[in-house]
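Trainee:
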């Protein structure tokens with residue numbers, strides 16, 4: 001019997017392990033260049049550390065140390081204070097690809113595929129031929145387990161080269177050490193330092209320490225002790241569910257009737273909603289879901305679109321929140337203005353997601369260059385493939401000129417700004433396994449567009465306000481140069497003292513006038529009157545600070561008193577409508593003429609200095 005060509009070809013056909021596949025296609029996972037391989041390794045280890053700490057309710061304290069071990073080789077050490085890993089799981093977590101606990105969980109997490117850190121282990125052994133060293137401890141009363149591991153790429157199983165118990169000073173945590181062919185770069189956006197800085201912005205509850213190859217230490221201190229709200233696991237939402245997914249769910253369900261299947265397989269479907277869906281689809285609520293085919297499944301999907309179903313719960317997500325985005329940007333940037341926006345949850349393919357945006361403007365940011373876009377997914381920075389990401393496409397499609405930024409030739413606008421875009425989702429639709437860019441899902445792009453426009457409107461308002469203040473400042477400079485000279489000349493002609501021109505300046509400028517008068521009494525006391533008049537066109541709410549070395553008496557109204565060493569800060573909270581006046585008064589029991597002649601300037605807190613005449617002013621927080 002002769003062998004056919006097909007039979008000869010069949011002899012060469014065999015399955016390959018996932019480890020063997022990625023061994024030959026490592027660029028898919030982000031190990032395609034020396035600098036990027038190092039960033040990917042640090043990223044995966046830091047992601048795991050942050051996730052583990054948050055799941056255990058521990059404020060993350062993470063150490064990243066890079067050491068050069070040769071011309072083209074580095075050793076990477078990442079250490080955390082997380083809950084540790086139980087002994088039996090350590091080899092599989094670090095030396096088996098596609099092994100993890102989050103792939104099937106419908107809740108927000110940084111890692112889901114179980115590829116990241118084991119891919120770094122694989123890259124390490126491929127390029128340096130070294131085993132990976134793991135040290136992990138689950139509690140102060142438990143020993144620290146030390147492993148040296150490699151991956152058997154033929155079987156995708158861990159090879160355990162060493163298994164020991166060691167002493168470790170940490171009460172709990174995990175340390176991983178890898179040697180690899182890689183390059184440490186500085187001074188550009190795609191670097192370890194910039195990645196950790198970006199991570200610190202969207203994880204303000206974490207402290208991250210970087211020790212560079214030259215020994216330089218950089219600490220990204222936490223801005224809050226508040227842990228993120230933990231994400232809770234949920235059922236799929238029927239909105240956007242795909243036909244094949246629904247057919248699989250119908251086939252494998254343990255429910256014997258359609259109505260209970262709907263209630264217990266999807267979130268936000270109760271008894272009445274399940275009955276409405278069955279009625280809208282024309283299907284019997286009592287029918288066995290296993291008996292339904294493609295035609296019936298399509299009817300169900302059509303019914304999902306017809307019946308009003310509540311939005312998915314948000315407890316499966318853990319967005320950063322506007323306050324912490326603000327604090328993160330404030331901590332790591334030096335700018336004049338920050339605006340934030342968080343959208344309400346939306347859904348794609350049954351997966352809820354939230355878009356958050358922060359915009360930082362001014363300061364020492366470059367004015368002529370394109371704005372910096374910081375992209376994040378589930379609190380993880382996306383450093384590569386910016387041009388292929390839906391976030392960038394949304395930025396490019398906005399007409400930025402109407403918001404005050406130049407956009408020469410279209411695309412990303414230019415100006416001194418940083419735009420932070422964060423997508424929080426139970427299943428971020430990345431364009432590839434390397435998780436560098438988010439796919440162009442229309443509903444996601446729409447939400448990004450709306451969030452960006454929200455902060456852009458706030459920027460436009462700020463820039464318009466700054467422009468008006470600049471005009472006021474220029475006008476005031478002219479007035480304060482001309483009027484004093486006129487006052488001096490008139491006083492000389494009339495042989496009188498030079499008058500106080502502040503009331504005139506305030507009236508012309510439409511400013512808030514703050515004016516102090518001191519009257520020395522024969523008994524050695526002094527009466528002080530502070531007059532406040534609003535010449536502006538709107539009501540102002542502010543604080544007046546009088547900082548003195550004396551205790552004051554009989555103050556009307558009574559101020560708050562803050563002790564400043566040997567001095568006192570007397571604080572009045574004031575609201576002044578247009579055209580109204582306020583009077584503050586107090587008495588000083590004993591002060592010399594010399595002392596009374598050296599009163600410090602009054603200070604107004606809560607208003608720009610351009611809006612105030614007769615006192616120093618600052619806007620405050």
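Numbering (full-length UniProt numbering), first residue to last: 1 to 621.
Where a beta carbon is used, it is the ideal one built from N, C-alpha and C, also for glycine.
Does DSSP classify residue 513 as helix, strand or coil?
Mentor: strand
Trainee: According to DSSP, residue 387 sits in a beta bridge with which residue or residues?
Mentor: Paired residues: none, contrary to the question.
Trainee: CB residue 34 to CB residue 181, shorter than 8 Å?
Mentor: In this structure, residue 34 places its C-beta atom within 8 Å of the C-beta atom of residue 181.
Trainee: Just list the residues that DSSP pairs residue 250 with in beta bridges.
Mentor: Its beta-bridge partners do not exist; DSSP assigns none.
Trainee: So, is residue 536 buried or exposed, given that buried needs 16 or more other C-beta atoms within 10 angstroms?
Mentor: buried
Trainee: Near residue 429, which residues of its chain fall below 7 Å by C-beta distance, leaving aside the five closest residues on each side in sequence?
Mentor: Contacts found: 438, 439, 441.
Trainee: CA-CA distance, residue 265 and residue 235?
Mentor: If you draw a straight line from the Cα of residue 265 to the Cα of residue 235, it comes to about 6 Å.
Trainee: Between 533, 76, 407, 238, which lies nearest to residue 210 when the distance is taken from Cα to Cα?
Mentor: 76
Trainee: Residue ranges of each beta strand (DSSP E) run of no fewer than 3 residues wholly in the UniProt domain "Histidine kinase/HSP90-like ATPase" (33-184), ordered along the chain?
Mentor: 61-68, 73-80, 132-137, 144-152, 157-166, 173-181
Trainee: Could you tell me which of 503, 382, 420 sits nearest to residue 47, measuring between CA atoms?
Mentor: 382
Trainee: Just to confirm before moving on: does the CB-CB distance between residue 359 and residue 455 stay below 8 Å?
Mentor: yes
Trainee: Within a Cβ cutoff of 7 Å, which residues of the same chain sit near residue 559, ignoring the five residues on either side of it in sequence?
Mentor: Taken in chain order, the residues that qualify are 570, 571, 572.
Trainee: Within the continuous beta strand (DSSP E) that includes residue 368, where are the two ends?
Mentor: Segment: none, residue 368 is in no beta strand (DSSP E) and carries neither H nor E.
Trainee: Report the residue from 619, 303, 464 whose alpha carbon sits nearest the alpha carbon of residue 608.
Mentor: Of the candidates 619, 303, 464, the residue whose Cα lies closest to the Cα of residue 608 is 619.
Trainee: Please classify residue 100 as buried or exposed, where buried requires at least 16 other C-beta atoms within 10 Å of its C-beta.
Mentor: Note on residue 100: pLDDT 46, under 50, position unreliable in the model; the coordinate value appears next. The residue in question, residue 100, is buried, as its Cβ has 16 or more Cβ neighbours within 10 Å.
Trainee: Could you check if residue 338 is buried or exposed, using at least 16 other CB atoms within 10 Å of its CB as the buried criterion?
Mentor: buried
Trainee: Suppose you measure from the CA of residue 349 to the CA of residue 242; what does that come to, to the nearest Å?
Mentor: So the alpha carbons of these two residues sit roughly 7 Å apart.
Trainee: Rounded to whole angstroms, how far is the Cβ of residue 239 from the Cβ of residue 304, which I believe are closer than 8 Å?
Mentor: 7 Å
Trainee: What does a CB cutoff of less than 6 Å around residue 159 pick up in its chain, not counting 5 residues either side in sequence?
Mentor: 150, 152
Trainee: Is the region 277-292 in contact with the region 321-339, if contact means three or more CB pairs nearer than 8 Å?
Mentor: Contact fails: fewer than three Cβ-Cβ distances are below 8 Å.
Trainee: Indicate whether at least one CB of chain C lies closer than 8 Å to the CB of residue 547.
Mentor: Annotation note: the requested chain C is absent from the structure, which comprises a single protein chain.
Trainee: What do you get for residue 493, buried or exposed, if any count of 16 or more other CB atoms within 10 angstroms of its CB means buried?
Mentor: exposed
Trainee: Rank 172, 122, 135, 156 by C-alpha distance to the C-alpha of residue 58 and give the top, closest one.
Mentor: Out of 172, 122, 135, 156, 172 has the C-alpha closest to the C-alpha of residue 58.
Trainee: Where does residue 438 fall in DSSP's three states?
Mentor: strand
Trainee: Using the rule of at least 16 other Cβ atoms within 10 Å of the residue's Cβ for burial, across every protein chain shown, is residue 271 buried or exposed?
Mentor: exposed
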